[in-house]
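Visitor:
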Amino acid sequence: MTVTVRFAPSPTGRIHIGNARTALFNWLFAMNNKGRFIQRFDDTDIARSKQEFSDAILYDLHWLGIFPDATEYQSRRFEAYDEVVERLQAAGVLYPCYETPEELDLRRKVRRTRGLPPVYGREALTLSQQQVAEYRSDGRRPHWRFLLPNFSSDPLQPERTEVHWNDLVRGEETVDLASLSDPVLRREDGTYLYTLPSVVDDIEMGVSHVIRGDDHVTNTGVQIALFKALGAEPPVFGHHNLLTTASGEGLSKRSGALSIASLREDGIEPMAVASLAVLVGTSENVAAMHDMPALAERFDPAATSKSAAKFDPDELFVLNRALMHHMPFAEAQDRLIVLGISGDKAEPFWLAVRGNIDRLSDAVAWWRILADGPQPAPEFSDEDRDFLQQAFDLLPEEPWTGTVWKDWTARIREASGRKGKALFMPLRLALTGLASGPELADLLPLLGREGTLARRP
Ligand SMILES: Nc1ncnc2c1ncn2[C@@H]1O[C@H](COP(=O)(O)OP(=O)(O)OP(=O)(O)O)[C@@H](O)[C@H]1O
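Counting from 1, one number per residue, gives the positions in the sequence shown under full-length UniProt numbering.
1) Measure the alpha-carbon distance for G231 versus I203 and round it to whole angstroms.
2) Quick check on the DSSP output: the alpha helix (DSSP H) that includes F317 runs from which residue to which?
3) I need the DSSP call for K310, collapsed to helix, strand or coil.
4) Which first and last residues belong to the alpha helix (DSSP H) in which W408 is found?
5) Are the CB atoms of D182 and Y120 nearer to each other than 8 Å?
6) Given this structure, state the Cα-to-Cα distance separating L443 from L360, to the nearest angstrom.
7) What is the rounded straight-line gap between the Cα of A257 and the Cα of I17?
8) Quick check: is any heavy atom of ligand 1 less than 7 Å from the C-beta of G18?
9) Mind checking whether the beta-carbon of H216 lies closer than 7 Å to any heavy atom of ligand 1?
10) Return yes when the C-beta of S252 is under 7 Å from any heavy atom of ligand 1, and no when it is not.
11) When burial is assigned at 16 or more other CB atoms within 10 Å of the CB, is M1 buried or exposed?
12) Enumerate, from N- to C-terminal direction, the unbroken alpha helix (DSSP H) stretches of 4 or more residues contained entirely within the stretch 76 to 110.
13) Flag this pair as touching only if the stretch 73 to 84 and the stretch 104 to 118 have three or more C-beta atom pairs under 8 Å; answer yes or no.
14) For a test of your reading of the model: does the CB of G238 fall under 7 Å from any non-hydrogen atom of ligand 1? Yes or no.
15) Flag this pair as touching only if the stretch 30 to 43 and the stretch 4 to 12 have three or more C-beta atom pairs under 8 Å; answer yes or no.
16) Is any heavy atom of ligand 1 found at a distance shorter than 7 Å from the C-beta of T22?
17) Could you tell me the alpha carbon to alpha carbon distance between P68 and V210, rounded to whole angstroms?
18) Cα-Cα, which of T432, F349 and T403 is closest to P376?
19) Look at the alpha carbon of W408 and the alpha carbon of L394, and state the distance between them as a whole number of angstroms.
20) Report yes if the C-beta of W242 is less than 7 Å from at least one heavy atom of ligand 1; otherwise report no.
21) Restricting to Cα atoms, I'd like to know which of I341, K406, S262 and V404 is closest to residue 477.
22) If contacts are defined as beta-carbon pairs under 8 Å, then I412 and A20 qualify, I think. What distance do you get, rounded to the angstrom?
23) Drop a sphere of 10 angstroms on the beta-carbon of P101, count the other beta-carbons inside from all chains shown, and report buried for 16 or more, exposed for fewer.
24) Count the other C-beta atoms from every protein chain shown that fall within 10 angstroms of the C-beta of A90, then say buried if there are 16 or more, exposed otherwise.
25) V119 by DSSP, collapsed to three states: which one?
26) What does the Cβ neighbour count give for L125, buried or exposed, with the cut at 16 atoms within 10 Å?
27) Secondary structure at V280, three-state DSSP: helix, strand or coil?
28) Comparing C-alpha positions only, which one of L339, D312, P313 and D358 sits nearest to M327?
29) Quick test of your reading: Y192 and R186, contact by CB under 8 Å. State the CB separation rounded to the nearest angstrom.
30) Need the endpoints of the beta strand (DSSP E) that E397 sits in, please.
31) With a floor of 3 residues, list each beta strand (DSSP E) that falls wholly inside the stretch 143 to 200, ordered by position along the chain.
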């Protein structure tokens, strides 16, 4: 059996880091099992779904390193759903209801006061033909509920109230259908809620594993019942924990918080985002993985914790720095060219600065310092100024060898008697204008003798 997974967001906004976790869990699971990944847009809510959001979600997924094998849109598949509705109606497990939301609300209150669970009491099943005719002549149109197989009053089949599955992430799971209302699958206006299109597509698209957030655990109980009502074998399910903001708030596409687009704009590398999105809230150590195959090796759905995990963007910078630190020039080269960093010096420059930047675009500031000198020009005490005059007089003639920094500072030490910070800090400030940064031994050859002397205060 080919492993087939899907990521099924509603295109109602830009995806956030939590959605990315779901997409990546599916992508890595497919990678590890040589499977297929279907990108499926849950755009049945025509009013809120927008093509521009579907396009933006695909863009964000590509940026993260996810390349779907197929892309599907539920809004183009209504005929398939209509057919299944007819089958369920014919089987007597999809029944019409005429209650208004206010009537349902009132019933729930009554049930609560009687100490009954506030679930739908299936009153629609007992309507007389005359009542139905009256509703219809009043202009009411039915919404349709799925008759859950939760006949808890049947002493011979008590197990029918419970749905069990072995969750890829959470292990043995049970949902008791007796505690749920028969779900509405289709609204009065003929539009579909999430439950039915998702099941129909999973069957028709051969989805073998459904991996999604644990906000769907109860849905899974209902959907397994629906798979069975349609005579289909349910897929394997896995529900991972949800991510929250660092202060514990939930995420939503509509709020835009922690969107993949905003992280990209902040200059974070895709593999820093992917590594944290996948490894946070698991028993694995959080570290920046260099590429998707390396992350796939670290990925184990069963290592995921059951409680929500906080996503702290500050951690992204730590991972980003680690990626920068080890990024080979060949990988950075094209992006550096776009930033105006090219020529013979680009490679030694990159190797000199990569250990001192948070994100790739920070290299530009260092390139400018080397090209144009410190801005603004640093200020020195009279004592340091005298020291620097003496030091610059001792700069070796060219051609320079690989030991020029060592040779120069040895001469300065001997002539001035200064050592340690008293020797290095004025030199660093004179050459770069900053109190910290890349090794001066690496920067000096990039400046050359002329460039170095131009920094004499
Ligand atoms: N905070 C989260 N952490 C992890 N996964 C999440 C989170 N929020 C949603 N998901 C998962 O993302 C997938 C797509 O879900 P969906 O499109 O409903 O996103 P949403 O952000 O919950 O929705 P919206 O904000 O549009 O209501 C689902 O599998 C869902 O479980």
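Don't be surprised by glycine CBs; every beta carbon is placed ideally from N, CA and C.
Guide: Let me lay it out:
1) Their backbone Cα atoms lie some 10 Å apart in a straight line.
2) It spans P313 to H326 - the alpha helix (DSSP H) in which F317 sits, taken as one unbroken run.
3) When DSSP states are grouped into helix, strand and coil, K310 belongs to the strand group.
4) Run containing W408: V404 to S416, per the alpha helix (DSSP H) assignment.
5) A Cβ-Cβ contact shorter than 8 Å links D182 with Y120.
6) Whole-angstrom Cα-Cα distance: 18 Å.
7) The straight-line gap from Cα to Cα measures roughly 9 Å.
8) Answer for G18: yes, Cβ within range of ligand 1.
9) It does: the Cβ of H216 is within 7 Å (strictly closer) of some heavy atom of ligand 1.
10) S252: yes, Cβ under 7 Å from ligand 1.
11) By the 10 Å Cβ count, M1 comes out exposed.
12) Listed in chain order, the alpha helix (DSSP H) elements of length 4 or more contained wholly in the stretch 76 to 110 are 78 to 90.
13) Counting C-beta pairs closer than 8 Å gives fewer than three between the stretch 73 to 84 and the stretch 104 to 118, which falls short of the contact rule.
14) Result no, Cβ not under 7 Å from ligand 1.
15) Yes, the stretch 30 to 43 touches the stretch 4 to 12.
16) Relative to the non-hydrogen atoms of ligand 1, the Cβ of T22 comes within a distance shorter than 7 Å of at least one.
17) Answer to the nearest angstrom: the Cα atoms are 15 Å apart.
18) Answer by Cα proximity: T432.
19) Near 7 Å, if we compare the C-alpha coordinates of L394 and W408.
20) Looking at the sequence itself, residue 242 is Leu, so the reference to Trp does not match. Checking the Cβ of L242 against ligand 1 gives yes.
21) Because the chain spans 1 through 457 in this model, residue 477 falls outside it and cannot be assessed.
22) About 52 Å separates the beta carbons of I412 and A20, which is beyond the 8 Å limit, so they are not a contact pair.
23) Classification for P101: exposed.
24) A90 should be labelled exposed.
25) Collapsing the DSSP output to three states places V119 in coil.
26) Classified as exposed, L125 has fewer than 16 neighbouring CB atoms from the shown chains inside 10 Å of its CB.
27) Coil.
28) Selected option, being the one with the closest Cα: D358.
29) 6 Å between Cβ atoms; contact.
30) Note, E397: premise wrong, no beta strand (DSSP E); not H, not E.
31) List check, beta strand (DSSP E) in window: 143 to 146, 162 to 167, 171 to 176 and 184 to 186.
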